[in-house]
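Residue numbers (the numbering used here): 130 to 227.
Don't be surprised by glycine CBs; every beta carbon is placed ideally from N, CA and C.
Below is one structure; the comments refer to it alone.
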């Protein structure tokens, strides 16, 4: 499976945190801009790590003081076909209570 994640945010702190976390999991940086990062998932286990990255993004947004709906996450994936699917996601709610 080919998996890509683009995170768009006005918060450089948030983008830096997510970039470092994803690269620690083996994702590579596809492109970098002041308001967006583009990451490419590893061939093995990229889809398994996607939920970890999205959870970390939520925690990082809370830490950086970013409103939950502000960062836009675009997930693009392709599995054995020439066409790809792109999903746009925003964090609607984040709750740390047990």
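Looking at the structure shown, is residue i part of a helix, part of a strand, or coil, going by DSSP?
| i | result |
| --- | --- |
| residue 224 | coil |
| residue 154 | coil |
Quick check on residue i: buried or exposed, where buried means 16 or more other Cβ atoms within 10 Å of its Cβ?
| i | result |
| --- | --- |
| residue 216 | exposed |
| residue 214 | exposed |
| residue 197 | exposed |
| residue 194 | exposed |
| residue 153 | exposed |
Per DSSP, which residues does residue i bridge with? Please list them.
| i | result |
| --- | --- |
| residue 132 | 206 |
| residue 219 | 201 |
| residue 169 | 133 and 157 |
Assuming residue i contacts residue j (C-beta within less than 8 Å), just tell me the rounded distance between them.
| i | j | result |
| --- | --- | --- |
| residue 183 | residue 202 | 7 Å |
| residue 134 | residue 188 | At roughly 16 Å, the Cβ-Cβ gap does not stay under 8 Å, so residue 134 and residue 188 are not in contact. |
Measure the C-alpha to C-alpha separation of residue i and residue j and round it to an integer number of angstroms.
| i | j | result |
| --- | --- | --- |
| residue 220 | residue 199 | 8 Å |
| residue 227 | residue 174 | 28 Å |
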